[in-house]
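In what follows, a single structure is set out as structure tokens and then discussed.
Residue numbers (UniProt numbering): 1 to 305.
Next comes the structure, spelled out in structure tokens:
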């Protein structure tokens, strides 16, 4: 199930980048689009668990869950959406792929784990693969806004690392609570923060809030991207560690390229093939130890049965 769900989130997040872009190109304000997506997704998840009577009032108003929503949803997506106005999507993909390394470095700084050379090398290898794939779309037009956009994305990935590590500690503390519910609550608060920022920084008119040809993208992002994708991401953090599920940031550009080849007949170059191999090798090396532990547990469990 760990491998299956990991493949699912890689595919889901590999398609959401294109869906986000299509929604914005249809005329939706970026931050308003992101805020609406996460707020509605959070409300739907909370409503489902409330119907099952599995929601505690203390959890709904938990400052720790609000902190996760601020770091993992608000900071990660507000910085990315803003920066993509000034940098290309290819460069944004490369900079976003620093997320797993941020998680590793934060864990080392907090002394939760030792820095293993093999794991660091594997992450750098996968990062090189992302650069190879995204290279054709990385056009560097040096300017103040371009430089600021790059810095902003990196800052967002630092908060992504903080939020992912904090989520693992929270999930360990609340083992009796479904990861999908905790994800729903943090998305709810992240969506509120994004909408507040949208009201302060974006000019929203009734005609641009929800264009007809952008509705399907919001629906897809709510149900597939947020509820399914982010829910499975949270489940994987609970089952493994923060680094393993975050490596979707390496695989999703490869998925996006393959979708472009199948759907839009886009060319696949030698650099893309080489980059894809580096990504797959790096991701496997980075998570070999964690997957080995869970494989042994699974074998022992079957023997007990």
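Built from N, CA and C at the ideal position, the CB exists for glycine as well.
Give the list of continuous beta strand (DSSP E) stretches no shorter than 3 residues that lie fully inside the stretch 6-42. Taking only runs of at least 3 residues, no beta strand (DSSP E) segment lies wholly in the stretch 6-42.
Taking the alpha helix (DSSP H) that residue 388 falls in, what are its first and last residues? In the structure as shown, the chain starts at 1 and stops at 305, and residue 388 therefore has no counterpart that could be examined.
Could you check whether residue 250 and residue 218 sit closer than 7 Å to each other, using their CB atoms as the reference points? The answer is no: Cβ separation not under 7 Å.
Can you give me the Cβ contacts of residue 272 inside the same chain, cut-off strictly under 6 Å, excluding the 5 residues immediately before and after it? So the qualifying residues of the chain are 133, 257.
Where residue 187 falls: helix, strand or coil (DSSP): The three-state secondary structure of residue 187, taken from DSSP, is helix.
Cβ-based neighbour list, residue 230, same chain, cut-off 6 Å, excluding 5 preceding and 5 following: Here residue 230 has 183 as same chain residues with Cβ atoms under 6 Å from its own Cβ, once five neighbours each way along the sequence are excluded.
Measure the C-alpha to C-alpha separation of residue 151 and residue 97 and round it to an integer number of angstroms. Note on geometry: alpha-carbon atoms of residue 151 and residue 97 lie some 14 Å from one another.
From residue 1 to residue 9, what distance separates their C-alpha atoms? Looking at the backbone, the Cα of residue 1 and that of residue 9 are separated by about 12 Å.
State buried or exposed for residue 284, treating a residue as buried only when at least 16 other CB atoms are found within 10 Å of its CB. Exposed: under 16 other Cβ atoms inside 10 Å.
Excluding the 5 residues preceding and the 5 following residue 160 in the sequence, name in chain order all residues of the same chain whose CB lies nearer than 6 Å to its CB. Exclusion of the five residues before and after residue 160 leaves 76, 99 as the residues of its chain whose Cβ lies within less than 6 Å of its Cβ.
Just to confirm, are residue 166 and residue 45 a CB contact at a threshold of 7 Å? The answer is no: Cβ separation not under 7 Å.
Answer with buried or exposed for residue 248, where buried requires no fewer than 16 other C-beta atoms within 10 angstroms of its C-beta. For residue 248, the number of other beta carbons within 10 angstroms of its own is at least 16, and it is reported as buried.
From residue 153 to residue 177, what distance separates their C-alpha atoms? Whole-angstrom Cα-Cα distance: 32 Å.
With a 10 Å radius around its C-beta and 16 neighbouring C-beta atoms as the bar for buried, classify residue 244 as buried or exposed. By the neighbour-count rule (16 or more Cβ atoms within 10 Å), residue 244 is buried.
By the three-class DSSP mapping on this structure, what secondary structure does residue 84 have? Looking at residue 84 - three-state DSSP - the assignment turns out to be coil, as it is neither helix nor strand.
Report the three-state DSSP secondary structure of residue 277 (helix, strand or coil). In this structure, DSSP gives residue 277 a helical state, which the three-state scheme calls helix.
From this set, 282, 239, 275, 56, which residue's C-alpha is nearest residue 3's C-alpha? Comparing Cα positions, the closest option is 239.
Mind checking residue 216: buried by the 16 CB within 10 Å criterion, or exposed? Residue environment: residue 216 is assigned as exposed (fewer than 16 neighbouring CB atoms within 10 Å of its CB, all protein chains considered).
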